[in-house]
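Chains as they are written, first to last, in the numbering used here: chain P, 5 to 513; chain W, 5 to 513; chain R, 5 to 513; chain Y, 5 to 513. Think of the CB as a built atom: it goes at the ideal place given N, C-alpha and C, for glycine as much as any other residue.
Protein chains: 4
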Amino acid sequence: MDFDLVIRNGTVVTASDIWESCDIGIKDGTIIAVGPNLPAKAGVDIIDAEGAYVTPGGVDCHVHLSQVYEAGVDDLERSVVTDGAIPDLPNYVADTYDTGTRSAVAGGTTTVVTFASQMKKDESIIPVIEDYHKLAKDQSYCDYAFHVIITNPTENIVENEFPRMVEEYGITSVKLYMTYKPMRLRDYQILDVMYSARKLGITTMVHAENTDIIDWMTKSLEKKLMTHPHHHGTSRPPIVESEATNRVISLAELMDTPILLVHISSAQATKHIRDAQTRLLPIYGETCPQYMFLLADSMRKGDFEGAKCVCSPPIREDKADQDAIWAGIKNGTFTILSSDHAPNKFDHPNGKQRGLQHGNLPYGKFRHIPNGLPGVETRVPLLFSGGVLTGRVSPQKFVEVTATNPAKLYGLKKKGSIGPGFDADVVIWYPQATFKPFNLTNEMLHHAIDYTPFEGVEFKNWPRYTIIRGKVVFSHGQVVGKMGYGQFIRRGKSLLPGPRDVWLSEWRP
Amino acid sequence: MDFDLVIRNGTVVTASDIWESCDIGIKDGTIIAVGPNLPAKAGVDIIDAEGAYVTPGGVDCHVHLSQVYEAGVDDLERSVVTDGAIPDLPNYVADTYDTGTRSAVAGGTTTVVTFASQMKKDESIIPVIEDYHKLAKDQSYCDYAFHVIITNPTENIVENEFPRMVEEYGITSVKLYMTYKPMRLRDYQILDVMYSARKLGITTMVHAENTDIIDWMTKSLEKKLMTHPHHHGTSRPPIVESEATNRVISLAELMDTPILLVHISSAQATKHIRDAQTRLLPIYGETCPQYMFLLADSMRKGDFEGAKCVCSPPIREDKADQDAIWAGIKNGTFTILSSDHAPNKFDHPNGKQRGLQHGNLPYGKFRHIPNGLPGVETRVPLLFSGGVLTGRVSPQKFVEVTATNPAKLYGLKKKGSIGPGFDADVVIWYPQATFKPFNLTNEMLHHAIDYTPFEGVEFKNWPRYTIIRGKVVFSHGQVVGKMGYGQFIRRGKSLLPGPRDVWLSEWRP
Amino acid sequence: MDFDLVIRNGTVVTASDIWESCDIGIKDGTIIAVGPNLPAKAGVDIIDAEGAYVTPGGVDCHVHLSQVYEAGVDDLERSVVTDGAIPDLPNYVADTYDTGTRSAVAGGTTTVVTFASQMKKDESIIPVIEDYHKLAKDQSYCDYAFHVIITNPTENIVENEFPRMVEEYGITSVKLYMTYKPMRLRDYQILDVMYSARKLGITTMVHAENTDIIDWMTKSLEKKLMTHPHHHGTSRPPIVESEATNRVISLAELMDTPILLVHISSAQATKHIRDAQTRLLPIYGETCPQYMFLLADSMRKGDFEGAKCVCSPPIREDKADQDAIWAGIKNGTFTILSSDHAPNKFDHPNGKQRGLQHGNLPYGKFRHIPNGLPGVETRVPLLFSGGVLTGRVSPQKFVEVTATNPAKLYGLKKKGSIGPGFDADVVIWYPQATFKPFNLTNEMLHHAIDYTPFEGVEFKNWPRYTIIRGKVVFSHGQVVGKMGYGQFIRRGKSLLPGPRDVWLSEWRP
Amino acid sequence: MDFDLVIRNGTVVTASDIWESCDIGIKDGTIIAVGPNLPAKAGVDIIDAEGAYVTPGGVDCHVHLSQVYEAGVDDLERSVVTDGAIPDLPNYVADTYDTGTRSAVAGGTTTVVTFASQMKKDESIIPVIEDYHKLAKDQSYCDYAFHVIITNPTENIVENEFPRMVEEYGITSVKLYMTYKPMRLRDYQILDVMYSARKLGITTMVHAENTDIIDWMTKSLEKKLMTHPHHHGTSRPPIVESEATNRVISLAELMDTPILLVHISSAQATKHIRDAQTRLLPIYGETCPQYMFLLADSMRKGDFEGAKCVCSPPIREDKADQDAIWAGIKNGTFTILSSDHAPNKFDHPNGKQRGLQHGNLPYGKFRHIPNGLPGVETRVPLLFSGGVLTGRVSPQKFVEVTATNPAKLYGLKKKGSIGPGFDADVVIWYPQATFKPFNLTNEMLHHAIDYTPFEGVEFKNWPRYTIIRGKVVFSHGQVVGKMGYGQFIRRGKSLLPGPRDVWLSEWRP
Ligand SMILES: [Zn+2]
Ligand SMILES: [Zn+2]
Ligand SMILES: [Zn+2]
Ligand SMILES: [Zn+2]
Ligand SMILES: [Zn+2]
Ligand SMILES: [Zn+2]
Ligand SMILES: [Zn+2]
Ligand SMILES: [Zn+2]
């Protein structure tokens, strides 16, 4: 047994089990043995976990980096890609692969799945994928993969390019929007995507909000001058999400194809997903820390401070929605926990301040506030500190939703768990007894953003080491990995249940 | 007590009570007394009910007459109105006010609410209403009122013309389509209509089917050459209806406005309505006899015979759906039973035969079959014979769904019941003991259509007399009323519960 | 048309319709005509309703009079009946037929159905029925009928005496208790009753609370000295009711027999009933004004004042339960509204004060507080004033649940509505414009009880006249009827849907 | 790394992950390393898995051995224990620890949890536990633990002996019956048990059937001479189970204590459990292979052959129930799969033949047929062959419900998984490519019973090796372990979520 690195004496957690006083033996970036007292030859690197929790590196499958922005900017287009330097334009997210993945590893995340986003005018997704490859290549601190956002599912794309996307590019998931004018698909188009996705074993991610309600409410609120940041939430009550969730579940049932509902925020949408799962439909759910740890009062701070917490779906008013999200984590409705890291600067004219550039109102217009929050660095520590250490979720459930299930759902076969054959992507926490709790400030974080929505939140632990394929990339507060170490990961098909071959009429695909 | 007509010795039924051995005293078209042994002066007309049931005249609130056709004919427009003479064009229904209301009274219906249908290019609904007035005036055997079908809810129409529609024209309901290309509204447009409808106390009727699914499935089935009439049903499985039903209930909850889901056909949509009613939303449901008495095998007869039963939503495959419709009648989910009389001839090039004009297939293409069935004459007798006389529904429930609730829902204040102050619209049935059951043939009916989907059904009773405002218009199988006797009825606001002033966010209308 | 009495110019309400400016012609105690301007010969009594509401006399089907008390008094037995003079013993309710029905008519109730209660040792129910006849005969101001409470369903009783009860005595309903030691039946015994009830068309009323939970919680609370009156509620959280409700619905489904769940108080039990009705089971629900107008804080007043509001099931803590009860009235889950008039004096050693006689605690022991509230006089005005006049329920719904449905459910064929052939049992309200709202004090009431739980509640109207079979028995605040005018009413079978002949296994009755 | 045994080249499955080409290193009965190519010194035992599945040894937590019989034998008592020799009496199950555990290991089960059963007259459970220890000690081929069946929860037992049971005896679960006259508890007694169980971290298992319905139906069926074996099912329709399931979930919610519903057989009971889990109640569900692989026609074979499949709850009539059980396995409603091995011989006067000893009927009386089936040997292979190999469940789900979750639920901390620190309890399957499917006959099995309900079922694989604490006990069809090798396992508290500290009223334990 020839190791490069041995992690000693961890309380190792998988989605199922806990192995106490356990070592992890790593060779060539892969875990090749687990067990107590593994024999280490001289010269082998040793890290002593001192009995602390050792968990799989976080897999964050909803991260926007170097991307043309998802929210409602109708009039701009994808610029030429220039090695990850994000143009200072309002339709780009404000973290590159550089800053975004640096932030990821500092928060215990070892793999991100980001988005390669088709623009409506793009007649092919192949150059889109290639462009994003250029943006990410040699720029990433952690491993990464792509989902492809489909905004214009032409026959050529779904029939001819989807197979290439899967086979040549190792991309096995696409994302759709039911809202946002530049991206949204009609139900008809969603069916086109699903039809092809089913054949190819693609998982379809869906941002489910009813775009017509949002547009209508926004227009109406503006007439009433109700345009404060928190009215963003007013324009999108939970029914906006639950209606669209029910609708797209209906489409998926008709097509018998697996989907993931992204960033679910409300009780009623959660119920729709749960009911579908009860009936064994291959419907998966995602939620995010902002829906577990924040409420809508975060959007009411100051005249415009609330803009920091403007995202879609909005953070909810009602504690009952927040409770339902926690319940959904515990009872298994939510397959994965992602950050939806969609970073915009606050104090920047192309960031949240854009909301102030319209209408001569002191509190701006929520319609023009770029949607999204940064969160890739805080996701894993928030659930560990606020979930595991408070007893709200078990260590195994923490591992399941932050690492194992994301990897399974998206076909990251060697990611998301600790065990023989898995990539040695590992987080070592601090021994609990010696850790001094602290309150988060944005300066502690490693993204390019000038705020965090979780400012002031107390953390009772934090990743001490983040290890990717056997290399320490973050240690005791310092990013020690190198930009460019992160590799692109080709993905296989989902390892979670797929189509059932149950049909609603005589029609068959 | 000065009567024009006394109906003697009836078993009089209201939606609540039964009055045995009861007379009805009528003066100037109005019921002015009920009770046993009413004193009748010499010369007063007397009809002896001989103890038989006497029920309120049927109120059928879903009848298409002299109308540009609702189904998917994209390329034709409303022609000039010429006194009720329906142009021999494929986009017109095949019954005029003349033939349609003649058929109505022969089946015990005394009031119909028909449709005045805006075409998408119509920039005003006022001439539409006027045109339909011309079509109906002096042409009708029974009383009538209009719903206005809105296919293009411009700001001018919903803001300025809806108030005129209500105030000047006495029209307090509109109908929307979520499917059919020439008529369908997007959710945004539905919200525009609902917003104004709420303010004005208008009831909004909705044909709820997901148009994108239908279009997608139709295209896919045609590729597979699955275009037989019964594949019309294949293209629209129950989820098409239940999705749209859930969606429009969501819109109505958001807007806090009453809606009626028309012609509900499936268990799952019925459940959505029931659940909404449990929560006290002002959601009303309508079903039709075809969903209670027929199953999808009716579309499988012969090569093309099945086209006779092609309507939307389709008649269902699964007996469980049919059972759910019956249950919905009994437990109150369905507020009203209507015919959805949407008549097309079978053996006519602009009728059902149009389905054969495409594709050189022996069984045609279901896409081109005009949707709809005749049924205004059979609606009341079917529920009486197949419901009351079989013990499946009580006489009071029969009255409630065929007359009282339709009148209440649509603000027909003097219609729909028997009692002091109500119009003397009455059906007298045959004494049960002496009635000889018969099997229906189309020749017995009075519409202009060459078939009935209920051919061969056994009837255990039938209206013996139909009386409208104190005049006998149908007697012992003969229409004895006069064309033009029927009057237009201005309507008031719904008498059933309306908005609750419950809101889903800070937004208020 | 020869009338004894004509009521002029009422706004007459049935469960379905409203007849404005309507007269009611009455002869020999029966309504023989309704209509405007009925001709009245000279000498006929005339009452001018002045346009006010005229509603059917209240039918209160849950009234305890002259009865051995239902609550947990284990050690006492039914005494010899002595013409309605209630023994001053702790196990007797404190209103006789005299005082109770006087109170009823003063509150607009014209028929009460009271209880003839078998004691466990009674081997026959025939003498029980006879005894209660003696208690009621010549003692009642209003009409009355009996339910028989079955506490020991021997084979002889269910097989041989139930048929006699129905045929000879005109009693078509029985009541069972799932709690209270002296009365409760095991599920096995309930099945025995249901089996016979089904054959005979008997409606079975059930007091559904889980007796074991109550006993266990009471014991446990007493150990902790949590014995304040409001801990009565603590001992019986809503799950006590919802569990038993689900259980007895299961038994009724198995036996395919109609039941009424009495005095439902909580959201969850309401949901069980609603779900059963959705599936068309013949399950009926009753609630009472105390669950609509009071909350559990009424049991927290003073040291012991709260004892006034101790009843079972308890008045609920959570406004959500109260809201659910209102919703159940509106959406039809509750078939009837009854008072559950179960009167005990407060300031009497055999009344509520019994709760202070144990344990040397300043706030007594809730276990020993006789359960029950007076309410027969307030039931009808509460729903009229707090429901109809606030717009929460329609006039028709008010009539339905206070009069029409109770009469239908229990086979009171000539009661509960206004129309030809019905008994002339009528309430005339004050013209709204001229009525001066007042706040209720117990002195205004006519029962024998020294308090009302509704003390201080504002009433916006009150019955101006109560008329029974054509005689005014209450007028402008004065009881003008005579004790003994009230008659025993033999009842027929329920007029609401009964068994469905649907079975859960090969077994058939 | 010093191993006693190395298993080479397995496809190792945990409840979460699959490790391909993986070795397992075992020392002193414990797994001390997993990983490819573990170094084995000379002399170490090697087993080559040849790439086949290697799964955790089965943990069967519902096994009746050497036990006074659970079913309805009212008149017999627990005999003196004589070293595991089961008296030939009708109230004893027909497998001892010897034959039962021999059968277990031959079917891949390495730990059984059996029952120590209090008789109603036993005033202490301590001697009961001691007696069963004598029955099991030195008699078992596999490891074992005890649940204690409580049939008379006296204050002394729940207050004083439960703590001893947990602390001294390492028994952390009890089982209750809601039916069977000699064992059933009233709800009150269940609350007594739950109250103490909550304090001590005991998991309460519940056999949930409504005993009164069963008794009543049995009596009624016997009157009708409907006593064939399959009428056992007639007497216990699914509502019997669903009612009791809902009831005991209510009790558990009130007491905030975890329970396991044993041997769930029907859709409706499954729904109750699922709904409780949705609300995060600590409600766990168990089902058994007989409800997944058999239907009620198995009870209709021959005149009396059906008696072989008489168990309670009965195997169901409706495929929809069977489907719901499968769905419950897949969606996580069922925490564990157990055998409910409750063995009776068929051709033995104290076995199933007892059903023929009454009533002179050719097909006997189902009431007298001992309830229960043998199944400890077939449980694991059935789910592997009929579930994993058919694609109906994943290998991880198979492991979860047959091993990992049973161990977690019952606090078997070192059982149920493969990983460092776990006992080396392992099943090695045959390489699929080379395995020849066979049809099961009872002769192949190792129990003491003369039939199997799964006679003729095809198996596509079977355990090739069963290993307990590093020793091979079953190999290539031969039991090679020794009687007495199995050890008693002291158990800790459940590792699955327990009480939530959510209360339904002011009451607190
Ligand atoms: Zn999104
Ligand atoms: Zn996003
Ligand atoms: Zn339509
Ligand atoms: Zn129509
Ligand atoms: Zn009661
Ligand atoms: Zn009562
Ligand atoms: Zn059992
Ligand atoms: Zn068992």
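How about the region 399-414 of chain W and the region 44-53 of chain W: do they share at least three Cβ pairs that are nearer than 8 angstroms? With the rule of 3 Cβ pairs closer than 8 angstroms, the region 399-414 of chain W does not count as touching the region 44-53 of chain W.
Quick check: the region 123-134 of chain R against the region 410-423 of chain R, are there 3 or more CB pairs under 8 angstroms? By the Cβ criterion, the region 123-134 of chain R is not in contact with the region 410-423 of chain R, since fewer than three pairs of Cβ atoms, one from each stretch, lie closer than 8 angstroms.
Pairwise C-alpha distance: L508 (chain Y) and D322 (chain R): Walking along the third sequence from the start, residue 322 (chain R) turns up at place 318. Walking along the fourth sequence from the start, residue 508 (chain Y) turns up at place 504. Here the alpha carbons of L508 (chain Y) and D322 (chain R) stand approximately 11 angstroms from one another.
Any chance the region 343-354 of chain R sits against the region 92-99 of chain R, with 3 or more Cβ pairs inside 8 angstroms? In short, these stretches touch, since the Cβ pair count reaches three.
Could you tell me whether any non-hydrogen atom of ligand 2 is closer than 8 angstroms to the CB of A346 (chain P)? Numbered from its first residue, the first sequence carries residue 346 (chain P) at position 342. Under cutoff, so the answer is yes.
Please confirm whether L258 (chain W) has its beta-carbon closer than 9 angstroms to some beta-carbon of chain P. The residue you call residue 258 (chain W) lines up with position 254 of the second sequence. Chain P, which has a Cβ nearer than 9 angstroms to the Cβ of L258 (chain W), makes this yes.
Quick check for students: name the residue ranges of the beta strand (DSSP E) that lie wholly in the region 36-62 of chain Y, counting only runs of 3 or more. Taking only runs of at least 3 residues, the beta strand (DSSP E) segments lying wholly in the region 36-62 of chain Y are 49-52 and 57-60.
Take G502 (chain W) and list the residues in its own chain whose beta-carbon comes closer than 7 angstroms to its own, dropping the five residues that flank it on each side. Here residue 502 (chain W) is taken as the residue at index 498 of the second sequence, counted from 1. Within the same chain, G205, P262 and P286 come within 7 angstroms of G502 (chain W) by CB-CB distance, once the 5 residues on both sides are set aside.
If I measure Cβ to Cβ from G62 (chain R) and keep anything under 8 angstroms in the same chain, skipping five residues before and after, which residues do I get? Translated into positions along the third sequence, residue 62 (chain R) becomes position 58. Apart from sequence neighbours up to five positions away, the residues of its chain that approach G62 (chain R) with a beta-carbon distance below 8 angstroms are A108, G111, G112, T113, T114, T115, R383, V384, T406, A407 and V431, ordered along the chain.
Just to confirm before moving on: does the CB-CB distance between Q436 (chain P) and L393 (chain P) stay below 9 angstroms? Within the first sequence, the letter at position 432 stands for residue 436 (chain P). Within the first sequence, the letter at position 389 stands for residue 393 (chain P). Judged by their CB atoms, Q436 (chain P) and L393 (chain P) are nearer to each other than the 9 angstroms cut-off.
Which residues mark the beginning and the end of the alpha helix (DSSP H) in which D427 (chain Y) is found? For this step, residue 427 (chain Y) is matched to residue 423 along the fourth sequence. Here D427 (chain Y) belongs to no alpha helix (DSSP H), and DSSP marks it neither H nor E.
Taking the alpha-carbon positions, what's the A256 (chain W) to H211 (chain W) distance? Sequence index remark: in the second sequence, residue 256 (chain W) carries index 252 (1-based). Sequence index remark: in the second sequence, residue 211 (chain W) carries index 207 (1-based). If you take the alpha carbons of A256 (chain W) and H211 (chain W), they lie about 14 angstroms apart.
Within 9 angstroms (strictly less), CB to CB, does W23 (chain Y) reach chain R? What you label residue 23 (chain Y) is simply residue 19 of the fourth sequence in a count that begins at 1. At a cut-off of 9 angstroms between beta carbons, W23 (chain Y) makes no contact with chain R.
Distance cutoff 9 angstroms, beta carbons only. Does K334 (chain Y) sit that close to anything in chain P? For the purposes of this step, residue 334 (chain Y) is taken as residue 330 along the fourth sequence, with counting starting at 1. Cβ-Cβ to chain P under 9 angstroms: yes for K334 (chain Y).
With contact counted as at least three CB pairs below 8 angstroms, one residue from each stretch, are the region 29-48 of chain R and the region 22-37 of chain W in contact? Short answer: they touch.
Quick check on this structure: which residue in Y:G395, Y:T238 and Y:R358 has the alpha carbon closest to the alpha carbon of D301 (chain Y)? Counting from one through the fourth sequence, the residue named residue 301 (chain Y) turns up at place 297. A check of alpha carbon separations from D301 (chain Y) across Y:G395, Y:T238 and Y:R358 identifies Y:T238 as the nearest.
Could you tell me the boundaries of the alpha helix (DSSP H) in which W23 (chain P) lies? Sequence index remark: in the first sequence, residue 23 (chain P) carries index 19 (1-based). W23 (chain P) -> not in any alpha helix (DSSP H); beta strand (DSSP E) instead, spanning I22 to K31.
Does the Cβ of S270 (chain R) lie closer than 8 angstroms to at least one heavy atom of ligand 1? Numbered from its first residue, the third sequence carries residue 270 (chain R) at position 266. S270 (chain R) Cβ: outside cutoff for every heavy atom of ligand 1.
When you compare the CB positions of T105 (chain Y) and N335 (chain P), do they come within less than 9 angstroms of one another, or not? Within the fourth sequence, residue 105 (chain Y) is the residue found at index 101, counting from 1. Within the first sequence, residue 335 (chain P) is the residue found at index 331, counting from 1. No; because the gap between Cβ atoms is not below 9 angstroms, this pair is not in contact.
Mapping the DSSP letters down to three states, classify I472 (chain P) as helix, strand or coil. For the purposes of this step, residue 472 (chain P) is taken as residue 468 along the first sequence, with counting starting at 1. DSSP, reduced to helix, strand and coil, places I472 (chain P) within a strand of the structure shown.
Name, in chain order, the residues that DSSP records as bridge partners for H345 (chain R). Numbered from its first residue, the third sequence carries residue 345 (chain R) at position 341. H345 (chain R) pairs with R:V67 and R:L377.
Cβ-based burial, L229 (chain W) [other Cβ within 10 Å; buried from 16]: Residue numbering aside, residue 229 (chain W) sits at position 225 when the second sequence is read from its first letter. Looking at its Cβ environment, which holds fewer than 16 other Cβ atoms inside 10 Å, L229 (chain W) is exposed.
Starting from F166 (chain Y), trace the alpha helix (DSSP H) in both directions and tell me its first and last residue. Looking up residue 166 (chain Y) in the fourth sequence gives position 162. Note, F166 (chain Y): alpha helix (DSSP H), F166 to E171.
In chain order, what residues of the same chain have a beta carbon less than 7 angstroms from the beta carbon of Q143 (chain R), not counting five sequence neighbours either side? Taking the third sequence and counting its residues from 1, one reaches residue 143 (chain R) at position 139. Taking Q143 (chain R) as the centre and dropping the five residues before and after it, the same chain places the C-beta of G88, T100, Y101, D102, M487 and G488 closer than 7 angstroms to its C-beta, in chain order.
D78 (chain Y) in three-state terms, based on DSSP: Reading the fourth sequence from its first residue, position 74 is the one you call residue 78 (chain Y). Here the model assigns D78 (chain Y) a pLDDT of 49, short of 50, so the residue's position is not dependable, and the following value carries that caveat. Coil, per DSSP.
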